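Read the structure below first, then the notes.
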Amino acid sequence: PQTIYLEDYTPFGWRIAEVHLTFRLAPHATRVLSRIRFDPAPDAPEQDFFLHGEDLTLIRAAIDGAEITPALSPQGLRCAVPDGSFTFETEVEIAPAANTALEGLYMSNGMYCTQCEAEGFRKITYYPDRPDVMATFTVRIEGTEPVKLSNGNPGGSGNGYAEWHDPWPKPAYLFALVAGDLVNHPGSFTTMSGKEVALNIWVRPGDENKCAWGMESLIASMRWDEKVYGREYDLDVFNIVAVDDFNMGAMENKGLNVFNSSCVLASPETSTDANFERIEAIIAHEYFHNWTGNRITCRDWFQLCLKEGLTVYRDSQFTSDMRSPEVKRIGDVIDLRARQFPEDQGPLSHPVRPESFQEINNFYTATVYEKGAEVIGMLKRLVGDDAYAKALDLYFDRHDGQACTIEDWLAVFQDSTGRDLTQFKRWYSQPGTPHLSVTEDWQDGTFTLTFAQHTPGQQDAQPQVLPIAVGLLGPNGDEVAPTRVLEMTETRQSFAFDGLGARPVPSILRGFSAPVVLERATSASEKSFLLAHDTDAFNRWEANRDLARACLEAMVTEGTEPDDAWLGALEQVVRDDTLDPAFRALMLALPTQAEMAQHLHANGVTPDPDALYAASESLRNAMAARWSGWLGDLRAACTVDAPYDPGAGQSGKRALGGALLALLTRLDGGAAAQAQFDAADNMTLQLGALGCLVQAGTEHAALARFAEQWRGDRLVMDKWFALQVAATAPENAATRAEALTRHPDFDWKNPNRFRAVFGSLAMNHAGFHARDGRGYRLLADWLIRLDEKNPQTTARMCSVFQTWRRYDNARQALMKAELERLAAKPGLSRDVTEMVTRLLG
Ligand code: B3K
Ligand code: ZN
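With UniProt numbering, the residue at position 418 of the sequence shown is 423, and numbering never jumps.
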């Protein structure tokens, strides 16, 4: 496959004023007619006229009305064109019903829908399918489907047709079309300048009762973006459509967001608190793209973090404002360490702005998204809140309507703050996770912290700019120096705090102020002190996490008993009624076995998945036994008596109650869980209880009842599939996953269902890493099978092998063999070829 390089960027030779598209819909033979006005781009280098196009049957092509015969290749079309402006027309035929890759125009449950980002528009018609070509689109859809939608504002409609016009120039990746038998949940929003916007969530008949939360979240997002960023919506309508077959979460097409139904449909009976929170965040994310992504887009796909990092950062700010900022931050760091750190520290490592790719879909990664958002958080921490707000105003002002680069983004900050960001820019080009070590010195009332940074595995890494938030606590636990952001720019650098009466205890990297690994040899007693006293909620949680990791590590490597002192300190926090229950639930959650494997590997220990599983089981049993006296009472205190509400208050109580139930189940064999399952009137309680029963191995009747109750609900049945694999004992995980693939409802071509089984298998750490290789083999078998239908979802799932080099030789050999078997498969897609090559490389 061909490799594309950032440094090879050249502008397209023409501009497009307007695009007219007509769709004549038919499942196996949709006709797409396009009429495009091309004008020469004055500054572009001389080039052949080439339009992207894949899997298209060309029916006719014409320039200024005269038919032509262009040269066709599997990648597109080439032909001679006039020197000046001209009108280019084509008619092509495509088969949406045969499109199982779910990219371009395809069908899901009889409904037509599209996914064009990154390069799917070229499967719809011939076009310069690159984000720096922006045009206004007029679309006519012809078909018998009752609902026919595209981007922008509705135009005329009548018997068998509907027209749409999008006045905002956009790249082709933001194009969307939806047609089918859909019903809408309507709403409306009045913008800050008094414009009325019609809002709709379109769903399959029967799903109408699952739209209220999505609508509430959309309205909250629109209001928030006006209030916090001064951004107003810019069309008469905003449509959201729920689609069952979708490769990712959702897509921000201009005025017509398309959502994986799992990321928009919600009801208390069918969705968990976590689902509600995720839906709120994704609705916000896609809506926020209207400004950060659509009005200002990317010049080329290497700049993906320009829109994704910023939009993730904006949606995390939104969630912090809607819920608890501390809990959100802790959750984000857990996620970053679970998904981005392994990527940055393994064979898939790449900079936030990659410099080459073979298949761009493989770069919609945690590094581009989540590390991209961390980089923006650091920038804001360095320049301050006001300067950040001013810079963003300038960004929108200066670049509205343009396709931009990271250089443009940083120039805005340089110009508005006067700060030189040359060194900061390394965050966009250097891969790897920096490690930050600290030493302390105390002399005559002056406390000095000396930091050193290095990035393992990256010989050429230059020192990064690190904002290190530090506060100091006095011996009695009072804060003697409030949070101060130290700006580290050197490989080694000291910072002094003077005028102190006694040696303080430092709280370093508060709020996780930079995405680094903090290496600090601290005594357990100092960690316990921070766990008890730190005023920074993140570091309080982090102290606990450190202690938990140390405890599990000692249990695995030295066979010690669980750490009494730590469990005592943790108990104080968990039982402290003045603290947010959601925070206490986070404190109770142990590091995952995958996180422990990463931790051990970083300490030079080869992780043994079976030993890690055994240690976390015995630690959980010890917690339950030790706390048996109060677990039940505290759980009872978490009961919610009011009608269901997915907000932070109630969901925090349910999270704590759920964590306590899991411990109680270790004492009562599942009696309390069974009672909760029987009485549950919402999915959080029902699924939480079912998970406990699966863990206890007493789930049989409950599982059957659950399936009976939810047979007709695809999204709930995804949970049924997922839970059995994720929560079962490791020795059964692969067998159970394999048995589920033979279940009549295992629709493996549906990405949600495929992920429910195999994503969960990968998450059952010791189960996936079963010593005999069963887990690896089963997954590879299915990846080989899925690749023929859906390369994108297959390639994405290959990343579960990214940590293969961490394990013992025998497991490494087994994983390597499966990757090689995948690589050797004839006709392997470009997507998976690139992934497997990088994984093995
Ligand atoms: N921009 C889309 C992701 C498209 C993925 C293409 N493989 C969703 C989002 O980030 O909002
Ligand atoms: Zn996005």
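Just so you know, even glycine gets a beta-carbon here, dropped at the ideal spot from N, CA and C. As the structure is a computational prediction, the values presented were derived from the model and not from experiment.
| Asked | Found |
| --- | --- |
| Local conformation of Val245 per DSSP, three classes | Here the sequence assigns Ile to residue 245, which means Val is not the residue at that position. Here Ile245 sits in strand by DSSP. |
| Span of the alpha helix (DSSP H) around Val373 | First-last for Val373: undefined, no H or E at that position. |
| First through last residue of the beta strand (DSSP E) which encompasses Ser499 | Arg497 to Phe502 |
| Closest Cα partner of Glu98 within the set Asn114, Leu107 and Thr130 | Thr130 |
| Rounded straight-line distance, which links the Cα of Ala680 to that of Val475 | 47 Å |
| Any non-hydrogen atom of ligand 2 closer than 6 Å to Thr316 Cβ | yes |
| Nearest neighbour of Arg760, chosen from Phe346, Trp169 and Met253 [CA to CA] | Met253 |
| Beta carbon of Ala286 nearer than 7 Å to that of Thr324 | yes |
| Nearest-angstrom Cα separation, counted from Asp171 out to Ile73 | 29 Å |
| Closest residue to Asp673 among Pro651, Gln655, Cys697 and Gln691 (Cα-Cα distance) | Cys697 |
| Which of helix, strand or coil DSSP assigns to Gly657 | helix |
| Any non-hydrogen atom of ligand 2 within 6 Å of Glu313 CB | yes |
| Proximity below 7 Å, CB of Ser267 to CB of Leu720 | yes |
| Minimum C-alpha distance to Gln350 - residue among Lys333, Arg29 and Ala371 | Ala371 |
| Length-filtered (4 minimum) alpha helix (DSSP H) runs lying within the segment 713-741 | 719-732 |
| Asp391 burial status per 10 Å Cβ neighbour count (16 or more: buried) | exposed |
| Limits of the alpha helix (DSSP H) - the one that Phe452 falls within | No alpha helix (DSSP H) contains Phe452, which is instead part of the beta strand (DSSP E) from Thr451 to His459. |
| Span of the alpha helix (DSSP H) around Gln700 | Met688 to Ala701 |
| Buried versus exposed call for Pro191 [16 or more other C-beta atoms within 10 Å across all chains shown] | exposed |
| Burial state of Ile206, where buried means 16 or more other Cβ atoms lie within 10 Å | buried |
| Element boundaries [alpha helix (DSSP H), containing Val578] | Asp569 to Val579 |
| Beta-carbon separation (whole angstroms), Gln435 vs Ala466, contact threshold 8 Å | 5 Å |
| Check whether Val338 and Phe517 have beta carbons under 7 Å apart | yes |
| Expected contact under 8 Å - CB spacing of Ser162 and Asn214 to nearest Å | In fact, because the Cβ distance is near 27 Å, the residues do not count as touching under 8 Å. |
| Cα-Cα separation, Ala570 to Arg283 | 36 Å |
| Glu122 beta carbon near ligand 1 (any heavy atom closer than 6 Å) | yes |
| Validate contact between the segment 546-555 and the segment 589-602 using beta carbons, cut 8 Å, 3 pairs | yes |
| Heavy atom of ligand 1 within 6 Å of Asn299 beta-carbon | no |
| 7 Å Cβ cutoff met for Thr297 and Lys794 | no |
| The segment 236-253 / the segment 196-210 touching (three or more Cβ pairs under 8 Å) | yes |
| Tyr292 Cβ short of 6 Å to ligand 1 heavy atom set | no |
| Segment limits, beta strand (DSSP E) that includes Trp809 | Where Trp809 is concerned, there is no enclosing beta strand (DSSP E), given that its DSSP letter is neither H nor E. |
| CB of Val490 within 7 Å of CB of Arg386, strictly | yes |
| For Leu154, the residue or residues it bridges with in DSSP | Val183 |
| Sufficient close CB pairs (3 or more, under 8 Å) joining the segment 305-314 to the segment 500-520 | no |
| Collapsed DSSP secondary structure at Ser321 in the structure displayed | helix |
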